[in-house]
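First up is the structure itself, then whatever we jot down about it.
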Amino acid sequence: MRKIAVVDDNSDNRLIIRTILEDQYEIVEFSSGLEAIEGFKKNRPDVVILDISLPEMDGTEILRRIRDDSQLHDLPVIALTAHAMVGDREKYLSAGFNDYVPKPILDMNVLFDTIQRWIPE
Amino acid sequence: MYMAQHPVRVLLIDDQESDYLLMRSMLSSIPNQAFHLEWASSHEAGLEAIRRAAPDVCVVDCGIDASDGLELLKNACEAGSKAPVILLTGTSDFQLNGEAIGLGAADFLVKDQLTAALLERSMRYAMAHARTLDELRRQQDELRASELRFRSVVQSASDAIILADDSARIIGWNRGAEAIFGYSEDEVLGFPIELLMPERYRDKHRLGFKRFRMGGRPHLIGKTVQLEGLRKDGSDFPLELSLASWTSGGGTFFTGILRDISERKRADEMRSAWEAAEEASRAKSNFVANMSHELRTPLHAIMGFTNLLLKNKDSDTEARDFLERILLNAKDQLALINNTLNLSKIEAGKVDVEARPVAIDRIVRDVVRQMEGQRRSPGVEIVLRVPPSMRPLTTDGAKLKQVLINLMENALKFTESGTVIVNVAVSPTDFSPVRIDVIDTGPGIPPQQLDEIFEPFRQLEKRAISRRSGTGLGLTISRSLCDLLGYDLRVQSKEGRGSTFSILLASETVLPLSA
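Each protein sequence line maps, in turn, to chains A and B.
Each step along the first sequence adds one to the number in our numbering, with nothing skipped, and position 50 is 866.
Each step along the second sequence adds one to the number in our numbering, with nothing skipped, and position 431 is 479.
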């Protein structure tokens, strides 16, 4: 089973993603950036679903550290965020996220399709 | 001996030839100095000779009537002669002597007692005295010229230059001061400097001045400070003051250079107001962005869990119905959040336009395809009227598409039967797109409400709309987006017949609306 890492400080959000995905993927949850990066190094996921507004280290900073890390730099990272105003999609894709899914998720298939695009062959 | 190189030119004005001869022999007996003696035997000839020959010294015989000599002296001075004049007289008359000296005579010699040595000495002193006088006069002229120059600088300065004495009374006032304060020089000279200060400064000024007179160091001297001044008309104004003090003849004086800085202050105020507005605008968009995030986050949980429950095939019919209603309401709320916040962002000018050449026909086809699924009833037909070819338009395609989607959603929402036509008009000359029309056969809009429909939350005809009523912001956003892109968004409508919304892409649109 492919492994998906979910980084979100809100346990409701983690539960939703886990419930949606757990039939098809192995889910690992992290509630903070530092914990997540440590975890990725020990056990590399196939795709990361990363929230943006996190306490201490926000998603953009976590992404930067992933991209700067020799082991992790090519990890597919999907922004899953409630920052969803006009221009936000462009902003996060430019920041180096592989993909972007706004909260709330209107159609679960959007999430499946997006993950599918970035799961390595 | 003085001036040994040049002969001293002496003019003798005397009507007695014997005097001339005597004088000549005396002068020739003086050693080490050559003299050139010219003789004029009348006053007229003497004056003429003074003017013509510019002698170094004049010796004038007063004759029997001493007043003749004085008269000549006066005339010679008036004629501008700088040559010293020595008067010769028959008697030693002290009164006449004094009068003559008063008129400018250099010396007064009694003919009988005249010796060569006396004459020589008298002439020498007279000439030295004349040189001194001349030098003094030159210095005075220079001083006067310098003062004139200085005065003209002071007077023409646009800053106020005000002089005060050690009783703080105004003793100097230039035109700049007149322009700034409104008082003429006559109105202020001799008045206390307090006249120019608003009431609230006067006590402080008096104290400071008192301290200064008691030997304290005046803290304003040598500094530039910002204060306020009081004009003649009673208004105050901000000014910048540089104060200097100087002493002259035992007295202390003050020079103040004052500049009216109202304009500068106003500019400063405007700049801070602008900065405050910028700051407020930044704070507002931060607030909006945070608000958007905070409103969406719980909705994500509501919709996520609702979707998950709906996936559960075990739910009974009523539960499923309720869950679907929760989901629909959540979607409505999400649309409301999106539209409200995006409108706020557009109107705050925080949305960038990214223009590149765009195929308008492709955008229109995409939107129509997307909208096919949103028809309220199969009875509504969507008709696409696009010319066979058109030039690309340089625009922000995503935003134009958003406008078109909003217009199409409205048209389909209000049309129960009939057609919704999307028409693209191109310029007959260069085939560039000039207008996009969305034409419906809905209920139409009453003429008096045509202006209101672009206002936020002014949705009309609530009764005729299905429960998916939208946010009431679609047209407001559409118009804002059109403004941003530089397009005009217009509406024409006939009640009972339908409405036509047109995006005017080019100002040279001359084609009539085709329905």
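Note that the Cβ used here is the ideal one computed from N, Cα and C, for glycine as well.
Check, Outcome
"In the DSSP output, which residue or residues are listed as bridge partners for A/V945?", "No information on residue 945 of chain A is available, as it lies outside the stretch 817 to 937 that chain A covers here."
"Run through the DSSP bridge pairs and tell me what A/N826 is partnered with.", "Its beta-bridge partners do not exist; DSSP assigns none."
"Could you tell me whether the Cβ atoms of A/T835 and B/L356 are closer together than 8 Å?", "yes"
"Counting contacts by CB-CB distance shorter than 8 Å, is A/T835 in contact with chain B?", "yes"
"Consider the C-beta atom of A/Y916 and the heavy atoms of the ligand GDP; say whether any pair is separated by less than 7 Å.", "This structure simply doesn't include the ligand GDP, nor any ligand for that matter."
"In the structure shown, what three-state DSSP assignment does B/L537 receive?", "strand"
"Taking only runs that begin and end inside the segment 208-270 of chain B, name each unbroken alpha helix (DSSP H) of 4 or more residues, in chain order.", "223-229, 233-236, 247-261"
"In whole angstroms, what separates the C-alpha of B/S363 from that of B/A349?", "19 Å"
"Determine the chain A residues that contact B/R344 at a beta-carbon separation under 7 Å, and present them in chain order.", "A898, A900, K919, P920"
"By alpha-carbon positions, which one of A/L879, A/N914, A/P918 ends up nearest to B/S340?", "A/P918"
"Tell me which residues of the segment 317-350 of chain B have at least one Cβ-Cβ distance to chain A shorter than 7 Å, keeping chain order.", "A337, S340, H341, R344, T345, L347, H348, A349"
"Between the segment 374-392 of chain B and chain A, which residues of the former have a C-beta closer than 8 Å to a C-beta of the latter?", "A378, K379, L382, N386, L389, N390"
"Tell me the rounded alpha-carbon separation between B/S480 and B/I411.", "15 Å"
"Could you pull the start and end residues of the alpha helix (DSSP H) that B/T354 belongs to?", "310-359"
"DSSP three-state call for B/H177: helix, strand or coil?", "helix"
"For the beta strand (DSSP E) that B/R439 lies in, which residues bound it at each end?", "Element bounds for B/R439: n/a, residue is neither H nor E."
"Judging by CA-CA distance, which residue of A/N826, A/V822, A/I868 is the nearest neighbour of A/F856?", "A/V822"
"By Cβ distance below 8 Å, which residues in the same chain neighbour A/V926 in space, the five residues on each side in sequence not counted?", "V917"
"Buried or exposed: which applies to B/P405, given that a residue is buried once 16 or more other Cβ atoms fall within 10 Å of its Cβ?", "exposed"
"Quick one: what does DSSP say A/V902 is sitting in, helix, strand or coil?", "coil"
"Buried or exposed, going by whether 16 or more other CB atoms sit within 10 Å of the CB of B/W322?", "exposed"
"In angstroms, rounded to a whole number, what distance separates the CA positions of B/G522 and A/L850?", "43 Å"
"Taking C-beta pairs closer than 9 Å, name the residues in chain B that A/N925 reaches, listed in chain order.", "Residues of chain B passing the Cβ test: none, with the nearest at roughly 11 Å."
"Taking C-beta pairs closer than 9 Å, name the residues in chain A that B/D353 reaches, listed in chain order.", "A quick correction: the sequence has Phe, not Asp, at residue 353 of chain B. Per Cβ cutoff of 9 Å: D828, L831, I832, T835."
"By Cβ distance, which residues of its chain are closer than 8 Å to B/T295, with the 5 residues on each side in sequence left out?", "F301"
"In chain order, what residues of the same chain have a beta carbon less than 7 Å from the beta carbon of B/T524, not counting five sequence neighbours either side?", "L391, F502, E503, P504"
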